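In the order they appear, the protein sequences are chains C and E.
First residue of the first sequence: 2, per my numbering; consecutive thereafter.
First residue of the second sequence: 2, per my numbering; consecutive thereafter.
Glycine included, C-beta positions come from ideal geometry on N, C-alpha and C.
Source: prediction; values computed, not measured.
Step one of this worksheet: look at the structure below.
Protein chains: 2
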Amino acid sequence: MEQKKSQEGLNVKKNENFSEWYTQVTEKAEILDIRLGIKGFTIIRPWGAGIIENMFKFFENELQKNGHKPTFMPSVISKENLTKESEHVKGFTPQVFWLKDINEGQELALRPTSETVYTPMFKLWIRSWRDLPMKLYQRAHVFRLDTKATRPLIRGREFIWIECHDAFKSKEDAEKQVQEDINVTEKVMHQIFGVPFLPMKRPEWDKFAGAEYTVGSDCFMPDGKLIQQPSTHLMGQKFSKAFGAEFENENGKKEFLWTTAYGPAISRILVSVITTHGDDSGLILPYSLSPVQTVIVPIFTTKNKEKVIKKSEEISSKLKKLGIRTELDSDSEKRPGEKYHLWELKGVPFRIEIGEKEIEKKEVTFFTRDTKEKTNMKITDLKKIPSLGKEFDKRLLEKADNSFKNRIEEGNSEKEIKKILDTGKVAKVNFCSTDKEGVECAQIVEKRLGGEVRGTLANSNEKSNGKCPFCGKPAKKVVYIGRSY
Amino acid sequence: MEQKKSQEGLNVKKNENFSEWYTQVTEKAEILDIRLGIKGFTIIRPWGAGIIENMFKFFENELQKNGHKPTFMPSVISKENLTKESEHVKGFTPQVFWLKDINEGQELALRPTSETVYTPMFKLWIRSWRDLPMKLYQRAHVFRLDTKATRPLIRGREFIWIECHDAFKSKEDAEKQVQEDINVTEKVMHQIFGVPFLPMKRPEWDKFAGAEYTVGSDCFMPDGKLIQQPSTHLMGQKFSKAFGAEFENENGKKEFLWTTAYGPAISRILVSVITTHGDDSGLILPYSLSPVQTVIVPIFTTKNKEKVIKKSEEISSKLKKLGIRTELDSDSEKRPGEKYHLWELKGVPFRIEIGEKEIEKKEVTFFTRDTKEKTNMKITDLKKIPSLGKEFDKRLLEKADNSFKNRIEEGNSEKEIKKILDTGKVAKVNFCSTDKEGVECAQIVEKRLGGEVRGTLANSNEKSNGKCPFCGKPAKKVVYIGRSY
Numbered sequence: 002m003e004q005k006k007s008q009e010g011l012n013v014k015k016n017e018n019f020s021e022w023y024t025q026v027t028e029k030a031e032i033l034d035i036r037l038g039i040k041g042f043t044i045i046r047p048w049g050a051g052i053i054e055n056m057f058k059f060f061e062n063e064l065q066k067n068g069h070k071p072t073f074m075p076s077v078i079s080k081e082n083l084t085k086e087s088e089h090v091k092g093f094t095p096q097v098f099w100l101k102d103i104n105e106g107q108e109l110a111l112r113p114t115s116e117t118v119y120t121p122m123f124k125l126w127i128r129s130w131r132d133l134p135m136k137l138y139q140r141a142h143v144f145r146l147d148t149k150a151t152r153p154l155i156r157g158r159e160f161i162w163i164e165c166h167d168a169f170k171s172k173e174d175a176e177k178q179v180q181e182d183i184n185v186t187e188k189v190m191h192q193i194f195g196v197p198f199l200p201m202k203r204p205e206w207d208k209f210a211g212a213e214y215t216v217g218s219d220c221f222m223p224d225g226k227l228i229q230q231p232s233t234h235l236m237g238q239k240f241s242k243a244f245g246a247e248f249e250n251e252n253g254k255k256e257f258l259w260t261t262a263y264g265p266a267i268s269r270i271l272v273s274v275i276t277t278h279g280d281d282s283g284l285i286l287p288y289s290l291s292p293v294q295t296v297i298v299p300i301f302t303t304k305n306k307e308k309v310i311k312k313s314e315e316i317s318s319k320l321k322k323l324g325i326r327t328e329l330d331s332d333s334e335k336r337p338g339e340k341y342h343l344w345e346l347k348g349v350p351f352r353i354e355i356g357e358k359e360i361e362k363k364e365v366t367f368f369t370r371d372t373k374e375k376t377n378m379k380i381t382d383l384k385k386i387p388s389l390g391k392e393f394d395k396r397l398l399e400k401a402d403n404s405f406k407n408r409i410e411e412g413n414s415e416k417e418i419k420k421i422l423d424t425g426k427v428a429k430v431n432f433c434s435t436d437k438e439g440v441e442c443a444q445i446v447e448k449r450l451g452g453e454v455r456g457t458l459a460n461s462n463e464k465s466n467g468k469c470p471f472c473g474k475p476a477k478k479v480v481y482i483g484r485s486y
Numbered sequence: 002m003e004q005k006k007s008q009e010g011l012n013v014k015k016n017e018n019f020s021e022w023y024t025q026v027t028e029k030a031e032i033l034d035i036r037l038g039i040k041g042f043t044i045i046r047p048w049g050a051g052i053i054e055n056m057f058k059f060f061e062n063e064l065q066k067n068g069h070k071p072t073f074m075p076s077v078i079s080k081e082n083l084t085k086e087s088e089h090v091k092g093f094t095p096q097v098f099w100l101k102d103i104n105e106g107q108e109l110a111l112r113p114t115s116e117t118v119y120t121p122m123f124k125l126w127i128r129s130w131r132d133l134p135m136k137l138y139q140r141a142h143v144f145r146l147d148t149k150a151t152r153p154l155i156r157g158r159e160f161i162w163i164e165c166h167d168a169f170k171s172k173e174d175a176e177k178q179v180q181e182d183i184n185v186t187e188k189v190m191h192q193i194f195g196v197p198f199l200p201m202k203r204p205e206w207d208k209f210a211g212a213e214y215t216v217g218s219d220c221f222m223p224d225g226k227l228i229q230q231p232s233t234h235l236m237g238q239k240f241s242k243a244f245g246a247e248f249e250n251e252n253g254k255k256e257f258l259w260t261t262a263y264g265p266a267i268s269r270i271l272v273s274v275i276t277t278h279g280d281d282s283g284l285i286l287p288y289s290l291s292p293v294q295t296v297i298v299p300i301f302t303t304k305n306k307e308k309v310i311k312k313s314e315e316i317s318s319k320l321k322k323l324g325i326r327t328e329l330d331s332d333s334e335k336r337p338g339e340k341y342h343l344w345e346l347k348g349v350p351f352r353i354e355i356g357e358k359e360i361e362k363k364e365v366t367f368f369t370r371d372t373k374e375k376t377n378m379k380i381t382d383l384k385k386i387p388s389l390g391k392e393f394d395k396r397l398l399e400k401a402d403n404s405f406k407n408r409i410e411e412g413n414s415e416k417e418i419k420k421i422l423d424t425g426k427v428a429k430v431n432f433c434s435t436d437k438e439g440v441e442c443a444q445i446v447e448k449r450l451g452g453e454v455r456g457t458l459a460n461s462n463e464k465s466n467g468k469c470p471f472c473g474k475p476a477k478k479v480v481y482i483g484r485s486y
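What follows is the structure in structure tokens.
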């Protein structure tokens with residue numbers, strides 16, 4: 002029994018070998034499977050897909066509230082359209098999958114992103130300022146022939162995302178949208194999923210191919226490296242000019258559209274949910290996201306099985322009526338201990354254990370995944386589960402926020418910055434420039450420290466002072482330097 | 002004004018020129034757009050995408066109730082796997098899109114369907130009968146390089162579907178699943194979407210490539226031709242043998258899995274929703290599916306605008322609180338008549354017109370899309386909308402059922418069958434055989450009548466009698482012959 006247990010459970014600690022922990026937890030908690038053996042393409046199993054479905058709901062709900070409407074665009078893009086915006090083509094064409102067959106004379110690529118599909122349609126759908134803003138989104142799979150090492154969900158060749166493409170009548174409106182996008186990331190990824198982030202206005206050399214500027218969301222992995230989560234881009238008039246997408250403004254004059262794009266990669270955000278909250282026993286899923294919020298494990302002998310199962314079913318249907326996603330694990334082949342172990346590995350927030358003793362006392366044993374506390378709870382008190390769920394998520398959020406805060410430190414010299422990075426943190430640094438002038442210093446950061454200038458804090462006017470520790474010129478910006486995935 | 006109206010509205014009658022009606026209604030009601038100009042790939046606009054989202058919800062809800070779990074499989078399949086099952090490869094490889102770049106030595110195709118992805122995973126995930134049944138599904142886009150003429154949503158090269166792939170321990174269990182799949186089509190597509198169908202067990206020569214048998218759902222288009230909607234397939238052990246997917250049965254012996262597949266093509270079912278219910282003024286959407294269930298059109302002058310808009314907003318928020326998908330169309334640029342016209346074209350079930358007169362009487366003018374009746378309704382009675390919605394959908398269903406019933410006629414000679422087909426109906430015919438023996442007669446049906454033997458009625462033991470009208474041999478089957486898309 003014990004041997005079997007250790008085979009099924011994790012045999013590595015999260016903080017000792019994060020990389021191996023991630024591999025084991027995603028496989029053993031049945032999030033994904035890579036055994037199909039196509040580099041960069043991952044199978045997402047029901048437990049992972051269930052979490053993703055819930056993530057989609059929260060994001061889509063928020064986007065719809067903000068006036069976004071759904072669409073379904075083709076998965077392919079013609080070469081003609083894909084190559085219309087010159088910076089975009091430089092950035093993306095080396096990364097696309099081309100189809101072998103020519104479709105009626107057209108060369109087609111699998112979409113890496115869909116600016117070059119939405120912009121020509123904006124041109125057809127929008128005539129005047131009265132049609133604006135136009136805010137569209139789609140759930141989509143996108144494809145990038147990334148040549149670097151792939152890691153399941155972290156870096157792959159196909160990923161699942163939502164992409165929003167919005168058109169406006171002025172730069173001001175478009176910039177407000179960039180802000181709204183950052184707020185959506187804050188409301189959904191941070192407040193609901195419990196994953197804190199640094200909203201980073203990327204340096205000039207690190208923006209989206211074709212954008213005026215990009216704000217990325219940087220999240221910490223347990224090893225202190227950063228992973229980029231949703232980014233939002235002010236495209237300005239670059240794509241609308243490339244596609245001739247004009248509108249008639251309030252003065253009756255033709256003007257090019259102002260566009261933005263926002264792309265929460267749901268399959269990658271799942272990585273941050275897993276790695277932010279999990280522990281040495283496995284996943285810990287936010288109550289809001291877990292496919293099963295409460296699992297019921299009946300404890301029975303052959304003699305009292307019927308009675309215990311009956312009571313468990315009663316409780317299960319009661320919880321379901323309250324809208325709690327509930328699973329009754331009444332499998333007779335497994336011992337209760339094995340079940341506890343499995344559901345802890347899978348990260349289910351609450352577990353109800355119920356046997357004859359509990360039935361007599363009209364109570365259950367109630368286990369909470371994050372604190373690992375077991376308490377006795379009156380059956381009549383089970384209606385409190387949704388509010389306990391809220392507290393559960395609040396605890397995860399607070400824990401993540403505390404860890405996040407402790408991971409940012411000021412660094413004033415190369416030596417200090419190196420030390421900060423080596424201890425798995427991000428350095429806040431007075432830096433020469435995030436325009437072209439800063440490129441050389443950014444290269445020093447990369448070569449000598451293995452780090453990256455991730456950008457300046459969006460929505461904040463952090464005042465720089467002193468000199469850039471790399472070139473000695475006056476510091477114009479406060480940047481954040483970290484190592485990344 | 003009138004001129005503008007006729008430009009925007011339909012200028013063709015559904016029963017006079019269905020093909021043109023379909024083109025106009027899908028374009029003018031903003032369901033889709035084909036102007037991206039990639040043959041076989043269609044853009045689905047927000048109005049169409051909103052309907053599709055609702056269709057997904059009903060199907061997924063039903064599938065989950067039946068124990069199906071979500072997954073996300075790669076959009077690509079390796080050549081090695083795609084070509085493992087010999088009949089499958091014959092049926093599908095001429096139809097697939099291959100990728101140009103070789104992915105680490107593997108040739109990859111865009112999935113036309115995913116049996117060859119799920120079966121090798123069943124092999125890894127299923128050890129014994131205790132793991133069965135395993136019922137999985139995914140929302141997916143699939144790709145088929147169909148060389149025939151394409152028509153938006155009807156026949157294309159990319160479509161949006163749900164595919165279910167299930168594994169069982171016995172043929173009996175697998176056949177029960179085929180029945181359950183037919184029931185899902187009945188419950189969702191027929192009862193909820195109001196689209197009746199003939200569940201047709203396909204002849205031997207028309208089954209899914211690799212299946213033991215196929216049950217397709219045939220729906221009528223307004224021109225009397227049939228369109229295939231969800232089909233379900235008993236794969237038997239064909240795929241499990243090709244992939245060596247075994248399990249240990251209750252006697253401890255190895256056995257190949259029994260598998261089934263079910264594929265509701267949501268983007269194609271949308272065609273049947275549009276064509277079954279629409280009329281000469283445009284779409285008529287079921288209350289259950291319409292992105293907007295009630296539209297409010299305020300009628301105001303410059304003088305009373307504020308008052309009327311205020312009351313309209315009150316009503317709007319009241320309806321939203323009742324869970325009714327409501328849109329307030331308070332655009333000042335358009336006249337009420339234009340708005341009525343547009344929302345009728347888009348098929349919104351209910352419209353509330355409200356002006357100063359109505360406000361004084363504490364009522365609204367209430368328009369119902371299918372009957373085109375206008376009545377006065379007390380504002381306090383608006384809470385009845387959800388139940389009026391149910392009645393609305395019931396009327397659509399009854400109307401569709403009546404039309405459906407009248408479209409099936411018995412035909413006993415080639416001449417009679419031809420006449421039935423020529424009048425836009427389906428002929429019920431005593432036919433020699435749906436096995437190989439029947440192939441020649443089926444070819445006669447195709448060549449001389451432009452029709453197809455669609456199959457025998459699933460779930461029914463219709464007794465054949467007499468002789469096959471084509472070869473004169475004793476009739477073993479009652480088949481349905483129709484023309485099709």
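Note down, in chain order, every chain C residue with its Cβ under 9 Å from the Cβ of Q107/E.
Correct list: G38, I39, K40.
Are the beta-carbon atoms of G264/C and V26/C separated by less than 7 Å?
Cβ distance not < 7 Å, so G264/C and V26/C don't count as in contact.
Nearest-angstrom Cα separation, counted from H342/C out to G348/E:
Between the alpha carbons of G348/E and H342/C lies a gap of roughly 53 Å.
Any idea if P475/E is buried or exposed, counting beta-carbon neighbours within 10 angstroms, 16 or more meaning buried?
Exposed is the call here.
V349/E lies in the beta strand (DSSP E); which residues open and close that run?
Where V349/E is concerned, there is no enclosing beta strand (DSSP E), given that its DSSP letter is neither H nor E.
Using only CA atoms, which one of R455/C, V440/C, N460/C, C165/C lies nearest to C220/C?
When only C-alpha atoms are compared, the closest one is R455/C.
Does the CB of A30/E have a neighbour CB from chain C at under 7 Å?
It does not; no Cβ of chain C falls within 7 Å.
Please list, in chain order, the chain E residues whose beta carbon lies closer than 9 Å to that of F98/C.
Near F98/C (Cβ distances below 9 Å), the residues of chain E are V77, L100, K101, D102, N104, L109.
C-alpha distance - L258/E paired with S404/C, whole-angstrom precision:
When rounded, the separation of the alpha-carbon atoms in L258/E and S404/C is 48 Å.
Partners in chain A for K70/C, counting only beta-carbon separations shorter than 9 Å
Absent from the structure is chain A; the protein chains it does hold are C and E.
Counting only beta-carbon separations shorter than 7 Å, does H89/C have a partner in chain E?
H89/C does not count as touching chain E.
Cutoff 7 Å: M222/E Cβ touching any chain C Cβ
Using a CB distance cut-off of 7 Å, M222/E does not count as an interface residue toward chain C.
Euclidean distance between Cα positions of S7/C and L346/C
For S7/C, the predicted model reports a pLDDT of 40, less than 50, meaning its position is unreliable; a value from the coordinates is still stated below. Cα to Cα, S7/C sits roughly 12 Å from L346/C.
When the cut-off is 7 Å and only beta carbons count, does F125/C lie next to chain E?
Position check: residue 125/C holds Leu in this sequence, whereas Phe was assumed. Interface criterion met: the Cβ of L125/C is under 7 Å from a Cβ in chain E.
Mind the definition here: the segment 236 to 248 of chain E touches the segment 127 to 140 of chain E only if three or more C-beta pairs lie below 8 Å; say whether that holds.
The segment 236 to 248 of chain E and the segment 127 to 140 of chain E touch, with no fewer than 3 CB-CB distances between them shorter than 8 Å.
Residue-level contact to chain C via CB, F248/E, 7 Å cutoff:
It does not: the Cβ of F248/E has no partner Cβ on chain C nearer than 7 Å.
Does the beta-carbon of E3/E have 16 or more other beta-carbons within 10 angstroms, so that it is buried, or is it exposed?
Because E3/E carries a pLDDT of 36, less than 50, the predicted location of this residue cannot be relied on, and no value is offered for it.
Restricting to Cα atoms, I'd like to know which of L271/C, E251/C, L286/C, R336/C is closest to F351/C.
Closest option to F351/C, Cα to Cα, is L286/C.
Helix, strand or coil: which one does DSSP assign to Q8/C?
Its pLDDT being 47, under 50, Q8/C is placed unreliably in this model, and the value from its coordinates should be taken loosely. Of the three classes helix, strand and coil, the one that applies to Q8/C here is helix, per DSSP.
Could you tell me which of K91/C, S79/C, M122/C sits nearest to F107/C, measuring between CA atoms?
One detail in the question is off: residue 107/C reads as Gln in this sequence, not Phe. With distances taken between Cα atoms, Q107/C lies closest to S79/C.
Just verifying my parser: in three-state terms, what is the DSSP assignment at E3/E?
Reliability of the predicted coordinates at E3/E is poor, the pLDDT of 36 falling under 50, and the value obtained from them is presented with this limitation in mind. When secondary structure is reduced to three states using DSSP, E3/E falls in the helix class.
Go ahead and label L64/E buried or exposed: buried means 16 or more other beta carbons lie within 10 angstroms of its beta carbon, across all protein chains shown.
Buried, because 16 or more other Cβ atoms sit within 10 Å of the Cβ of L64/E.
Express the C-alpha separation of F432/C and K468/C in angstroms, rounding to a whole number.
About 7 Å.
Using the Cα positions of I418/E and N462/E, report the straight-line distance between them to the nearest angstrom.
Using only the alpha carbons, I get a separation of about 22 Å.
Under a CB-based cut-off of 7 Å, is M74/C close to chain E?
Yes, contact with chain E.
Taking a Cβ distance cut-off of 7 Å, strictly less, list which residues of the segment 405 to 423 of chain C are near chain E, in chain order.
For chain E, none of the residues of the segment 405 to 423 of chain C brings a beta carbon within less than 7 Å of one of its beta carbons.
Secondary structure of D224/C, DSSP reduced to three states:
If DSSP states are grouped into helix, strand and coil, D224/C belongs with coil.
Which residues, in order along the segment 141 to 172 of chain E, keep a beta-carbon less than 8 Å from a beta-carbon of chain C?
Closer than 8 Å at the C-beta level to chain C, one finds these residues of the segment 141 to 172 of chain E: H142, F144, L146, R158, E159, I161.
Helix, strand or coil for D147/C? Go by DSSP, reduced to three states.
Reduced to three states, the DSSP call for D147/C is coil.
Straight-line Cα distance separating V296/C from R262/E
Checking the sequence, you will find Ala at residue 262/E rather than Arg. Between A262/E and V296/C, the C-alpha separation is close to 30 Å.
Check whether the Cβ atoms of P337/E and E415/E lie closer than 7 Å to each other.
Result no, Cβ atoms of P337/E and E415/E do not sit closer than 7 Å.
If you scan the segment 223 to 302 of chain C from start to end, which runs of the alpha helix (DSSP H) of 4 or more residues do you find wholly inside it?
Segments of the alpha helix (DSSP H) lying fully in the segment 223 to 302 of chain C: 239 to 244, 267 to 278.
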